[in-house]
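Counting along the sequence shown from 1, when you hit position 580 you're at 1385 in the working numbering, and nothing is skipped either side. What follows is a set of notes on a single structure, which appears directly below.
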Amino acid sequence: NSGHLKLRDSTFLGEAYTSIGSAIRAYPTGPSTIDVEGVVFKRQGDGQGTNGGAVYVDMRVFDVQMSFKRCIFIGNKADYGSNVFIQYASTSQLIKLNSFIGCTSIIENSYESDISVCYSFGDNEDEIFIDERNLIHSSWNRQKSEGVARFISKSNAEHIFNPNIECGSILNPCDKLASLLHYLKFEPESVDGSTGRAETIIFGEGKFTQSFIDLSLTRSSIVNIVGCWQDDTEIIGQPNVHNLMLQGGFNQNIVIERLQLTLSPQPPLVGFIKTQGAESGLVLQDIRVQGHYEMNPYNTMLERECLFSVEGFALLRDVVIEHIYLRSGSILQVFGLRRTSDDIRMEWLGKISIGLYSCTFDGITSNETALITLKEKDLENYPTQSNLNQTNSITIDNNAKTIKFIIQDTIFSNCSTSLYLNNSKTKGGLINIINKKVRFEIYNSQFRNISIKARNMIYFGWGVKKFDGKEIKILTIIETLFINCTAAIRGMKAKSEAIETQQQNGNLYSNSKTKLELRSNSISNDLYSDDEEIYDSLHQHGLIYIINLNKQSDDPISLVKIDINGLFVWNCHSAIGSAMTVTRLTLDLSESNIEDPMCFGNQLYLNQTHATVRDCYFSGYDDIYIGSISQISDIEGESEQLYIKFCPNNPNLYSSAQHALVYIYKGTFFGENDIFEETRVGGIKLEDSNVELKNISFIDPWNEQSPLDGSELMVTCGGSSKLNIIEPIVNNMTEQQCSAMNYQLSIKSNKFLNENENECRFGFVSSEMCQYNLSDAWKLQPLPIPIVVNAKVIVNVQKKQQPLQFYIEGERFILALFMVRIVELRDKTQSEIHNINDDELMRDDKGYIIWPLDNATKLPITSKATVLNNKNAIFSMSDYSFLDPRKKWYGILISNNGNHFAGVDGKEDEPVILQVEVEDGEQFVNYVRFKLASYKAFLISPVVVIIITIILSAIIYKIWRRQYDKKQDYDHNQIVNQQWQIRALERKIVNSKQNKMIQMQIEAEQNAIIPYREDPTMPHEPKTVNFEDLGTMKFLRY
């Protein structure tokens, strides 16, 4: 009743007791505690009119502190709370998640899982709640025996690991997963599966280092790996030759729950988990994946190919992946995306769609890789193991597989990566999706502070080999935010657009395939090229890029649909499509806000798309445009920073102001009850499309003076389009109000007319081919005729993608349909030709440089241009084969509607002379004609070369001869010195031998002399000795 209950290493077995009550029933009379560890609760309770099969606690008066560790609940019965039932007095008493750690329940159906832990409040026993926090873990499949649950724990004073006895039971946990699998290998597998395999592996508290493990050794088709919640159990990978921590068997399902996976800097290449086979899958629930605390995007050495590589399906729920800084590599790759809906191994999933639920991806960086890749693929045709016998028991039928992937309540924040432009397989930096039948749905999710150095943040490509003709909704986005997101290539420039307007035809301009151009275009276009500028086609860009990958001849546009509702996009950017780009699909966009882009530019780019946009709000860039440039010299000095004006706060980002906020190309569009406010670049622009606008509101007051004035470009109609505008609202004026005002103005004074002339003005621009329907109540101001004051082209053939850079200065430029035409004026006279005596390029028989080429582009050429403000425009061209400034004068004409081209003083067909300045390009300045006959001209070069060769040869020979003579004298002196030394040595040896012989002769003679003894008795007679008798004597000097 009151006190402290402590249980250790025991079993409550229902057959051993006559009582039909719970194993533990607590009715405290004071503050109490229950401390249980290593206990099995089996077949407790009778399940009839009772609550709490194994444990019942009454906390309506006094609190009870509970702690259950490493326990098993199996076969317990009760009406509610088959394992645990608690009666509370208030919600503040709810026990914490760590009250049950390392515990699991063995259940046979999902209903038992639902009622495993229940509670009530007060005396109201009729209102019973299910504890949805999953306090006690249960497997994702049916289980019948506690023998499939194995335990791993750190050794302590109460449980010391002994490697000599079998481990893994609740009483003797293993010290690591490798030990468990080692003992499991020798354990016989029973028929009922109660022994010899592991379905649930529970890690205790602490940090565990894990090397490579092949989970097929568990002998189970599904493995549940469970910890003691994220703050208590941590697993860290160790280096190994497989660069992987856990690998599933073929078609094996892996479930990881309630623990933390930590990236360590020690194994920089080791990933976490890999599954194999079409029927395999990965479930992560209540998981935290975290990087090393000392790592950051600048010092990281991690280069994992992929942290989680999945074949089959993936389900992530309540997963936090944060502070992952990779030099390269992905977070998640899923190939397959579909699972068999009635797979008995994952019965608890039932009809639940796979996907990401309540997940957080925060602080993740990488390079050259998409962070998340989701690709639908028929994996049964691509087995990953040579032994296919394992698949014999599994019948795969794609029609029985799930067809949804859901991203719900998920947050992506502070993520960054980059992609190479020439990567044909991966286009989206954050999420790259390729699907066929799977329907993607995004609900209540957030994308914040995402920086992707690529064309797209999210790439969605749909395509099938053979379309069945049935309607399919491939993508749904509901109540989702995109804030501070970019998908842009730093320093990128758009490829130029030019139209050949020869009088014979109006076909699209195409570059001549000259050797020069092929050489100019054969450059690397990858993202990290330091030597070349980056040029790309705009139509491939978009923050969210959705495209139909089928061949255009098999195009089922009207049957493949996208449904978006409640989308909110703020302060985002892409070169075009700062919200999204849709190509050859059907789009239904409603009740969405796309506001305040990061730069001046387009937000919704619809390419060959059937679109319906209702009840949406669009607004333009909300900042000050950098002041206009009034002189061409200023533009030339800042040619590398021109586009800063379209993106003032992010000067390295490219932005196009030519496409309005909503751009429609070769498609159909129906807009209703939409609002366009302060667009700056125009509201809607259509080309070769059928459009109907109903009750559209434009808020662009005329009294605002801006270099980019959206009030002039509310709607732009170009090409062969059909446009029907029904009851628009312009600056809060309706069609009825304008009709009434026009009637009043018709009967009042001119003074009153002048005061109100702008109130019903509609900013509408159209080409001659556009067919439109608009009420007469609106005043359409005629397009001003532009004036060209000055035009200049700078030629530099070293700039491969834009060798020609044009600068135009004038007045009354409008960016809606602004076009530039290059025309030929006349031939230059001989006095206007400047001769320069450099000669390198090929010449004809008269000495002229052969230029232009035979297949040069013909004039006139019409090109789109970038309008910087109402006085300046620029454009570039990659083809310069037509240019011959040595002999020709060229002129520039401009047009605000693409039809009527004007030049000097706004006069039609009176071009302004184009000034040509050559920075690099000898074919444009080396206009040389020799006075000598052509054969003499050809002789000059060989003669000069021969003379120079003779002079150089003579000088080189003289220098060589001098060096050779010096070397000969030196070698001779060396030889003489060596000979003197040899002779001196020989003389010394000879003299030594002679001295020795003389010495020996003298000694021999001395030995032959008889000693003379003087006889004193005999008289001494003097004797004379002749030297000649002694022979010849030599005296040697040393």
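Beta carbons: idealized from backbone N, C-alpha and C, even for Gly.
Which class does residue i belong to by DSSP, given the choice of helix, strand or coil?
| i | result |
| --- | --- |
| L985 | helix |
| C1575 | coil |
| L940 | coil |
| N903 | helix |
| T1754 | helix |
| L1664 | coil |
| V1269 | coil |
| I1208 | coil |
| A1809 | helix |
| L1049 | strand |
| Y1103 | coil |
With distances taken Cα to Cα, identify the nearest neighbour of residue i among the options.
| i | options | result |
| --- | --- | --- |
| E1482 | S1460, V869, I1534 and G1472 | I1534 |
| V1075 | E1110, V1088, K847 and A1545 | E1110 |
| A1380 | N1261, E963 and T834 | N1261 |
| L899 | F934, I912, N929 and C908 | F934 |
| N1578 | N914, K1499, R1150 and A1545 | K1499 |
| S1069 | G1082, N1058, T909 and E1039 | E1039 |
| H1128 | D1148, T834, G1117 and L1107 | L1107 |
| R1122 | V1243, A1083, G1568 and F1210 | F1210 |
| Y916 | D928, E930 and E937 | E937 |
| P1591 | T1473, E1713 and G1726 | E1713 |
| T1145 | I1807, N1058 and L1020 | N1058 |
| P1073 | I1352, L1235, D1214 and G1096 | G1096 |
| H987 | I1780, R1093 and D1019 | D1019 |
| D1420 | F1405, Q1413, L1411 and S1395 | S1395 |
| V1365 | P1456, I1149, E1284 and G1266 | G1266 |
| I1126 | C1164, I1339, D919 and R813 | C1164 |
For the alpha helix (DSSP H) that residue i lies in, which residues bound it at each end?
| i | result |
| --- | --- |
| S1544 | E1540 to S1551 |
| E917 | S915 to D919 |
Residues in the same chain with beta-carbon distance under 6 Å from residue i, minus the five sequence neighbours each way, listed in chain order, please.
| i | result |
| --- | --- |
| K1318 | Caution applies to K1318, whose pLDDT of 36 falls short of 50 and renders its modelled position unreliable; the value that the coordinates give is listed next. Cβ within range, chain order: n/a, list empty. |
| T1170 | P1102, Y1130 and S1221 |
| R955 | G973, L985, A1003 and I1006 |
| N1186 | With a pLDDT of 43 at N1186, under the threshold of 50, the predicted position of this residue should be treated as unreliable, though the coordinate-derived value follows. Counting only Cβ-Cβ distances below 6 Å, and skipping sequence neighbours, we find nothing. |
| R1626 | P1665, T1667, L1698 and F1706 |
| I1349 | I1263 and M1385 |
| A747 | With the chain running from 806 to 1843 in the structure shown, residue 747 is simply not present. |
| L1286 | Q1251 and F1373 |
| S1327 | Model confidence at S1327 stands at a pLDDT of 35, short of 50, so the residue's coordinates are unreliable and nothing is read from them. |
| D1091 | E1062, R1063 and D1123 |
| T1215 | L1161, C1164 and S1250 |
Where does the unbroken beta strand (DSSP E) through residue i begin, and where does it stop?
| i | result |
| --- | --- |
| L1087 | G1086 to Q1095 |
| Q1586 | Q1586 -> no beta strand (DSSP E), and no H or E assigned at all. |
| F1373 | V1365 to W1375 |
| C1111 | C1111 to Y1130 |
| D1725 | V1717 to D1725 |
| N1412 | L1409 to N1412 |
| F966 | Careful: F966 lies outside any beta strand (DSSP E) and carries neither H nor E. |
| H809 | H809 to L818 |
| R1063 | N1058 to T1067 |
| V922 | V922 to F926 |
| V1594 | I1592 to N1601 |
| K1241 | No beta strand (DSSP E) holds K1241; DSSP gives it neither H nor E. |
| N1353 | I1349 to N1353 |
How many whole angstroms separate the CB atoms of residue i and residue j, which I take to be in contact at a CB cut-off of 8 Å?
| i | j | result |
| --- | --- | --- |
| Y1426 | P1402 | 6 Å |
| N1675 | F1623 | Contact flag wrong, Cβ pair sits at about 10 Å. |
| Y1470 | E1497 | Going by Cβ atoms, the distance from Y1470 to E1497 rounds to 16 Å, so no, they are not a contact pair. |
| K1855 | I906 | Because the chain here runs from 806 to 1843, residue 1855 falls outside it and cannot be looked at. |
| T1174 | S1135 | 5 Å |
| Q1015 | P1044 | Not quite, the Cβ-Cβ distance comes to about 11 Å (not below 8 Å), so this is no contact. |
Could you pull out every residue in the same chain whose Cβ sits closer than 7 Å to the Cβ of residue i, ignoring the five residues on either side in sequence?
| i | result |
| --- | --- |
| S1256 | S1221 and T1291 |
| L1585 | F1567 and F1569 |
Any C-beta of chain D sitting closer than 7 Å to the C-beta of residue i?
| i | result |
| --- | --- |
| L899 | Included in the structure is just one protein chain, with no chain D present. |
For residue i, I'd like the list of residues in its chain whose CB is within less than 8 Å of its CB, leaving aside the five on either flank, ordered along the chain.
| i | result |
| --- | --- |
| D1331 | Per-residue confidence for D1331 stands at a pLDDT of 42, beneath the threshold of 50, marking its modelled position as unreliable; the derived number appears in the next sentence. The residues are Y1225, L1226 and N1227. |
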